[in-house]
Ligand SMILES: Nc1nc2c(c(=O)[nH]1)N[C@H]1C(S)=C(S)[C@@H](COP(=O)(O)O)O[C@H]1N2
Ligand SMILES: [Mo]
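Residue numbers (our numbering): 8 to 329.
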């Protein structure tokens, strides 16, 4: 995520270290004993890291939920992250997120619904059968990954709260605790991190409430203990470490829209035909494929999920509602 106003640690796309260089640098540092056991050192063959509790999920039957593409390595998916509460560098979350306390954890459900309340994380884990879904996630910065997630449709939780007819949108608020999250001391975003969806988007079966990845509970840097995964939208819509869900009548103001309205719109559906004001969105690099001869991939409309979600936006001008 990049904002226009120069923020202290914000890299421009041109300044982002090519991944190969970054990895070589880390390897060199590791050789000097300067980098402690890092996720990069974990076995690429293992499905998960093998250090976190298992969280198996049954293969999902939701249409579009199983992308048949090579899965990104666990090492890459857990070491190259955006989680600004832990710093703006891609390596920061893996290094700093160990201070996040994921128990006890509750999610409050508020606003336009008949049954507001607080859900404990242990209850949320049992609310619906755990599924495994393999989704593409495309960051607005131009990279993507393919990750096996564990979770269930967000709709399973939302419908328990019985939203009223005034619930046109859903607002998600994530944890912002200076004591646990060093990045929250910086002014890079207006904390807490807030995201929003239209109610029909939130109720779409592909909208995933995720508790795990690669058959294990979520690593902190990936948004433990629970996060959204919205595979047809730019990655920043997939809010991590959620503490509050609110049903509202008006379109919520998300943190990134607040930071740069003309760059990050409310919808933020992946769209190769609508450029970001400062760069094209037509192609992407798949993390793990960025070797010397790696080709960029064309970005797909709705990130490849058009058959499933296109109907939600029928008749909308997607240049206007970016
Ligand atoms: N709370 C919070 N959620 C967040 C972010 C963040 O900075 N804070 N970054 C977003 C962005 S820009 C992306 S691309 C995805 C990255 O998820 P991953 O690290 O699991 O790949 O998380 C999203 N969710
Ligand atoms: Mo992102």
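A virtual CB, placed ideally from N, CA and C, is assigned to each residue, including glycine.
| Query | Result |
| --- | --- |
| Please state whether the Cβ-Cβ distance between residue 118 and residue 253 is less than 8 Å. | yes |
| Work out the CA separation of residue 188 and residue 152 for me, nearest whole Å. | 25 Å |
| Going by DSSP, which residues form a beta bridge with residue 142? | 154 |
| Identify whether residue 54 lies in helix, strand or coil by the three-state DSSP scheme. | coil |
| DSSP on residue 37, reduced to helix/strand/coil? | Caution applies to residue 37, whose pLDDT of 41 falls short of 50 and renders its modelled position unreliable; the model cannot decide the point. |
| Using the rule of at least 16 other Cβ atoms within 10 Å of the residue's Cβ for burial, across every protein chain shown, is residue 220 buried or exposed? | buried |
| Closer than 6 Å by C-beta to residue 265: which residues in its own chain qualify, once you throw out the five before and the five after it? Chain order, please. | 197 |
| Sorted by chain position, which residues of the same chain lie with C-beta nearer than 6 Å to residue 235's C-beta, five sequence neighbours on each side aside? | 245, 246 |
| Between residue 157 and residue 230, is the Cβ-Cβ spacing less than 8 Å? | no |
| Starting from residue 362, follow its DSSP beta bridges and name the residues at the other end. | Summary: the structure shown does not reach residue 362, with the chain confined to residues 8 through 329, and so no result is reported for it. |
| Relative to the alpha-carbon of residue 174, which residue among 203, 192, 149 has its alpha-carbon at the smallest distance? | 203 |
| When you compare each of 316, 301, 110 to residue 308 by their alpha carbons, which one comes out closest? | 316 |
| Apart from the five residues just before and just after residue 261, which ones in its own chain have a Cβ nearer than 6 Å to its Cβ? | 201, 202, 203 |
| Let me know the beta strand (DSSP E) ranges lying completely inside the region 106-132, each 3 residues or longer, listed in chain order. | 113-118, 124-127 |
| Report the rounded CA-to-CA distance for residue 81 versus residue 322, giving the unit in angstroms. | 39 Å |
| If we ignore side chains and look at the alpha-carbon of each, how far apart do residue 83 and residue 56 end up? | 11 Å |
| Would you mind giving the Cβ-Cβ distance between residue 222 and residue 70, rounded to the nearest angstrom? I have them listed as a contact below 8 Å. | Not really, about 22 Å apart at Cβ, beyond 8 Å. |
| Please state the DSSP three-state secondary structure of residue 306. | coil |
| Tell me whether residue 267, by its Cβ, gets closer than 7 Å to a heavy atom of ligand 1. | no |
| Apart from the five residues just before and just after residue 190, which ones in its own chain have a Cβ nearer than 6 Å to its Cβ? | 91, 92, 93, 94 |
| For residue 232, which residues of its own chain have a beta-carbon under 6 Å away from its beta-carbon, when the five flanking residues on both sides are left out? | 109, 112, 128 |
| DSSP puts residue 202 in a beta bridge; with which residues? | 179 |
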